[in-house]
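**Student:** If you're matching them up, the sequences are chains R and G in order. Position in the first sequence (first residue = 1) + 1 = our numbering. Position in the second sequence (first residue = 1) + 1 = our numbering. To start, I am sharing the structure in question, which I have written as structure tokens.
There are 2 protein chains.
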Amino acid sequence: MVNDRIENGLDAVEEKLRRVVDSDVEVLDEASHHIISSGGKRLRPRLLFLSYLAAGGDELDEVVPMAAAVELVHTATLVHDDINDHSVMRRGKITVHARWGRTFALLTGDYLFTKVYEMMAPYGARMNMIMAEATVSLVEGETLQAAAAKSGEIDRETYKQIISRKTASLFRASAEMGSLIAGAGDDVVANLGEFAHNLGLAFQIVDDLLDIVGDPEVMGKPVGADVTQGMGVVAVHNGRKTHAAVAESEPDPMQQMMHRLRESGAVEVARAEAEEMARRARRALDRVPPSAARDELDLLVDQVLERER
Amino acid sequence: MVNDRIENGLDAVEEKLRRVVDSDVEVLDEASHHIISSGGKRLRPRLLFLSYLAAGGDELDEVVPMAAAVELVHTATLVHDDINDHSVMRRGKITVHARWGRTFALLTGDYLFTKVYEMMAPYGARMNMIMAEATVSLVEGETLQAAAAKSGEIDRETYKQIISRKTASLFRASAEMGSLIAGAGDDVVANLGEFAHNLGLAFQIVDDLLDIVGDPEVMGKPVGADVTQGMGVVAVHNGRKTHAAVAESEPDPMQQMMHRLRESGAVEVARAEAEEMARRARRALDRVPPSAARDELDLLVDQVLERER
């Protein structure tokens, strides 16, 4: 029952995303539909819907544009990330950057951001303030990551700041907005927000691990592409500053990183860290009144830990 | 009296801009303050304030964050434009792109966009919908311009679409938001919006002319840098499709364009077009009830036509 509603809601999100990015400016229209139709897990809309239902909401339609907006924030950042990372493949398809070039990728990302704003505007001040703060955090997190990549070093605290801002902030906002619009009290909103924040941390640690040890066929993109994520995983493990270059005999920083990761046991330690974040998420969820939607949120934790792409 | 209030309001806008972009992420903090402190005409905040006063508003403080937001939208697009145009100088200072590199310039532009959103959120649904639509238009206009630059041709209709979306839309939004929040009736809002739209068109035609025939010392940036703007001015003149390359004997497209502009009389025709837009702006302004602020808006038209930078 809950699952049917969520699936219907997610279909409505896809429809909304497709319609909202329509433009008479050909390249924006084409590039936006390209990235939207490449799929993705739609985890943030799912989280928003389930938070809404768990908080007592009963009219999923009222949060469809909001759920589309959180997915679109994420999508916009992917388009800009792919410029900065020179990525060619994303979700098994060519990136906007690789297909349309840097200028149009930059403008497509900007366009998607403005469409987020357009979808959110009708929800009024409180929701928009939550969303605005999450987007500020997100860009700050991306910037901390780019600065770490540039400097070639990262420590545990910086890694935590990065994943908290670039990922957990939007997870938290999704849960808070969904529960607030359902009319939940402060306690429920806070507990679902805390749940989502920790779920986001677990998600990002697993994501970074998959980027190193995942199967490229399943992932739809190359693994080992991001030295910073590799460094982040090491930082979680050893708590010391980690340098990209470790041995002059191996000139490729990523190969050095892969080597060190295999030797050090850092993968297992990072995995344990993700599981600890998942436990914290569950402890917050336990304080939310029981419901079928809450059970689905609990299952989401397993999906985040067990995913292979 | 009106002028003193406007100057005080603009000081408050500067203060607001400086405070809102503060970040513990060093590069965002530094790059944002760099671009904000490079000045600019603050034409959009001025237009918003005067529209607010002309529509009967009496508490300028209530529109300071909104006026800062319209200036920041403009600033964010400049930071991203400078990436796409490989610009090195802007307002007499080095660009964010040239000083911090492409990745951080991209993220700084994104950051400024999120700060716009943060400042606008408290104003509620109606204002945010106007602002969101203006930002969508703006990105569409930038994209049409980039597409014209890439294709190497532009016609009169496309040029008008570009300047209408990338410039006039935010001028119009500034006047509409300022007058709406002052409690003006539909007529006054529509007339001030119409005024601002035409003022924006005149402004952009003059801007494009200055980019070709302006004094680089006064402008604080090189002239003749933008082939598309040159083409646009020619397109306004001759109404035919204009190609960037005209003679194989002159391999530099900009030199070809400068040559053709001087020969063709296009500068004078574009100038006449700007003056026609200014007349339309004034006709709309005449339908607004007389006030000291309305007189200042009338003077703004002259400033736009007569400016040298």
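Even for Gly, the Cβ is constructed at its ideal location relative to N, Cα and C.
1. Please state the DSSP three-state secondary structure of G:Met128.
2. In chain order, what residues of the same chain lie with their CB nearer than 8 Å to the CB of R:Leu306, ignoring the 5 residues before and after it?
3. What residues from chain R crowd round G:His81, counting only those whose CB sits closer than 9 Å?
4. Using a Cβ-Cβ distance cut-off of 8 Å, determine whether G:Arg19 contacts chain R.
5. Starting from the Cα of R:Gly215, find the closest Cα among R:Val268, R:Thr104 and R:Glu8 and give me that residue.
6. How long is the line joining the alpha carbons of R:Gly41 and R:Arg92, rounded to whole angstroms?
7. Can you tell me which residues form a DSSP beta bridge with G:Arg91?
8. Using a Cβ cut-off of 7 Å, which residues of the region 149-179 of chain R contact any Cβ in chain G, in chain order?
9. Relative to the alpha-carbon of G:His96, which residue among G:Lys17, G:His75, G:Leu145 and G:Ile36 has its alpha-carbon at the smallest distance?
10. Determine, using beta carbons only, whether R:Val140 comes closer than 8 Å to chain G.
11. Quick one: grab the DSSP three-state call for R:Lys42.
12. Excluding the five sequence neighbours on either side, which residues of its own chain have a C-beta within less than 6 Å of the C-beta of G:Ala183, listed in chain order?
13. Could you list which residues in chain R have their beta carbon closer than 9 Å to that of G:Met67, in chain order?
14. At a CB distance below 7 Å, what residues from the region 20-32 of chain G approach chain R? Give them in sequence order.
15. With three or more C-beta pairs closer than 8 Å as the rule, is the region 114-123 of chain R touching the region 17-25 of chain R?
16. Does the beta carbon of R:Phe114 come closer than 8 Å to any beta carbon on chain G?
17. Since G:Leu262 meets chain R, which of its residues come closer than 7 Å, beta carbon to beta carbon?
18. Distance, Cα to Cα, R:Val64 vs R:Glu72?
19. Going by DSSP in three states, G:Pro123 sits in which element: helix, strand or coil?
20. For R:Thr136, return the contacting residues in chain G, with the cut-off set at a CB-CB distance below 9 Å.
21. Let's test the definition: count the other Cβ atoms within 10 Å of the Cβ of R:Glu143 and tell me whether it reaches 16, buried, or not, exposed.
22. Assign G:Asp82 to buried or exposed, taking buried as 16 or more other Cβ atoms, counted over all protein chains shown, within 10 Å of its Cβ.
23. Taking 8 Å as the threshold (beta carbon to beta carbon), is G:Glu63 in contact with chain R?
24. Can you tell me whether R:Arg47 is helix, strand or coil according to DSSP?
25. What whole-angstrom Cβ distance do G:Gly125 and R:Gly125 have, given they're in contact under 8 Å?
26. Could you name the residues of the region 273-291 of chain R whose beta carbon sits closer than 7 Å to any beta carbon of chain G, in the order they occur along the chain?
27. Mind pulling the chain R residues with CB within less than 9 Å of G:Glu72?
28. Just to confirm before moving on: does the CB-CB distance between G:Val61 and G:Arg6 stay below 8 Å?
29. The alpha helix (DSSP H) with R:Asp209 in it runs from where to where?
30. Just checking my contact of G:Ala32 with G:Pro46 at CB under 8 Å: how many whole Å lie between their CB atoms?
31. List the residues of chain R whose Cβ lies closer than 8 Å to the Cβ of G:Met130, in chain order.
32. What are the start and end residues of the alpha helix (DSSP H) that includes R:Val64?
33. Short of 6 Å in beta carbon distance, which residues of its chain neighbour R:Ser292, apart from the five on each side in sequence? Order them along the chain.
34. In chain order, what residues of the same chain lie with their CB nearer than 7 Å to the CB of R:Val247, ignoring the 5 residues before and after it?
35. For G:Lys161 and G:Phe172, I'd like the C-alpha separation in whole angstroms.
36. Counting only the same chain and skipping the five closest in sequence on each side, list residues whose C-beta sits under 6 Å from that of G:Lys167.
**Tutor:** Put simply:
1. As a first step, residue 128 of chain G is located in the second sequence; it is residue number 127 there, counting from the start. Here G:Met128 sits in helix by DSSP.
2. Numbered from 1 along the first sequence, position 305 holds the residue referred to as residue 306 of chain R. Excluding sequence neighbours, R:Leu306 sits near Ala203, Val207, Ala275, Glu276 and Ala279.
3. Your numbering for residue 81 of chain G matches position 80 in the second sequence. What G:His81 touches in chain R: Leu107, Leu108 and Asp111.
4. In the second sequence, the residue the question calls residue 19 of chain G occupies position 18. By this cut-off, G:Arg19 is not an interface position.
5. Residue mapping note: residue 215 of chain R aligns to position 214 of the first sequence, counting from 1. The shortest Cα separation from R:Gly215 among R:Val268, R:Thr104 and R:Glu8 belongs to R:Val268.
6. What you label residue 41 of chain R is simply residue 40 of the first sequence in a count that begins at 1. What you label residue 92 of chain R is simply residue 91 of the first sequence in a count that begins at 1. Each residue's alpha carbon lies about 7 Å from the other.
7. Residue 91 of chain G sits at position 90 when you count from the first residue of the second sequence. According to DSSP, which records beta bridges pairwise, G:Arg91 is partnered with G:Lys94.
8. none
9. Within the second sequence, numbered from 1, the residue matching residue 96 of chain G stands at position 95. The question names His, yet the displayed sequence has Thr at residue 96 of chain G. When only C-alpha atoms are compared, the closest one is G:Ile36.
10. Taking the first sequence and counting its residues from 1, the one referred to as residue 140 of chain R is at position 139. Yes - at least one Cβ of chain G is within 8 Å of the one on R:Val140.
11. For the purposes of this step, residue 42 of chain R is identified with residue 41 of the first sequence, where counting begins at 1. Residue state, collapsed to three classes: coil.
12. What you label residue 183 of chain G is simply residue 182 of the second sequence in a count that begins at 1. Correct list, in chain order: Tyr53, Ala56, Gly57 and Gly58.
13. To locate residue 67 of chain G, count along the second sequence from 1; it is residue 66. Within 9 Å Cβ-Cβ: nothing; G:Met67 doesn't reach chain R, min ~13 Å.
14. Ser24, Val26, Val28 and Leu29
15. yes
16. Indexing the first sequence from 1 puts residue 114 of chain R at position 113. So yes, R:Phe114 belongs to the interface.
17. For this step, residue 262 of chain G is matched to residue 261 along the second sequence. Near G:Leu262 there are no residues of chain R at all, since even the closest Cβ is about 25 Å away, more than 7 Å.
18. The residue you call residue 64 of chain R lines up with position 63 of the first sequence. The residue you call residue 72 of chain R lines up with position 71 of the first sequence. One C-alpha to the other measures close to 12 Å.
19. Residue numbering aside, residue 123 of chain G sits at position 122 when the second sequence is read from its first letter. G:Pro123 falls in the helix class under three-state DSSP.
20. Counting from one through the first sequence, the residue named residue 136 of chain R turns up at place 135. Asp111, Phe114, Thr115, Tyr118 and Glu119, listed in chain order.
21. For this step, residue 143 of chain R is matched to residue 142 along the first sequence. The residue in question, R:Glu143, is buried, as its Cβ has 16 or more Cβ neighbours within 10 Å.
22. Counting from one through the second sequence, the residue named residue 82 of chain G turns up at place 81. Answer is buried; the Cβ neighbour count reaches 16.
23. Your numbering for residue 63 of chain G matches position 62 in the second sequence. Answer no: the Cβ-Cβ gap between G:Glu63 and chain R never drops below 8 Å.
24. Looking up residue 47 of chain R in the first sequence gives position 46. Correct three-state label for R:Arg47: helix.
25. Numbered from its first residue, the second sequence carries residue 125 of chain G at position 124. Numbered from its first residue, the first sequence carries residue 125 of chain R at position 124. G:Gly125 to R:Gly125, Cβ: 6 Å. Contact.
26. none
27. Within the second sequence, residue 72 of chain G is the residue found at index 71, counting from 1. Under the 9 Å cutoff, chain R gives no residues; its nearest Cβ is about 17 Å from G:Glu72.
28. The residue given as residue 61 of chain G occupies position 60 in the second sequence. The residue given as residue 6 of chain G occupies position 5 in the second sequence. Before going further, note that residue 61 of chain G is Leu rather than Val in the sequence given. It is a contact, given that the beta carbons lie within the stated cut-off.
29. Within the first sequence, residue 209 of chain R is the residue found at index 208, counting from 1. R:Asp209 -> alpha helix (DSSP H) spans Asp187 to Val214.
30. What you label residue 32 of chain G is simply residue 31 of the second sequence in a count that begins at 1. What you label residue 46 of chain G is simply residue 45 of the second sequence in a count that begins at 1. Rounded, the Cβ-Cβ distance is 21 Å, inconsistent with contact.
31. To locate residue 130 of chain G, count along the second sequence from 1; it is residue 129. Under the 8 Å cutoff, chain R gives Glu119, Ala122 and Pro123.
32. The residue you call residue 64 of chain R lines up with position 63 of the first sequence. Premise fails: R:Val64 is in no alpha helix (DSSP H) and is neither H nor E.
33. Along the first sequence, one-based indexing puts residue 292 of chain R at 291. Result list for R:Ser292: Ala55, in chain order.
34. As a first step, residue 247 of chain R is located in the first sequence; it is residue number 246 there, counting from the start. In this prediction, R:Val247 scores a pLDDT of 48, lower than 50, which makes its location untrustworthy; the coordinate-derived value is nonetheless stated afterwards. Excluding positions up to five away in sequence, the list reads Gln257 and Arg261.
35. Your numbering for residue 161 of chain G matches position 160 in the second sequence. Your numbering for residue 172 of chain G matches position 171 in the second sequence. Each residue's Cα considered, the two are about 15 Å apart.
36. By one-based count along the second sequence, residue 167 of chain G stands at place 166. Closer than 6 Å at the Cβ level, and outside the excluded window around G:Lys167, lie Leu139, Gly142 and Glu143.
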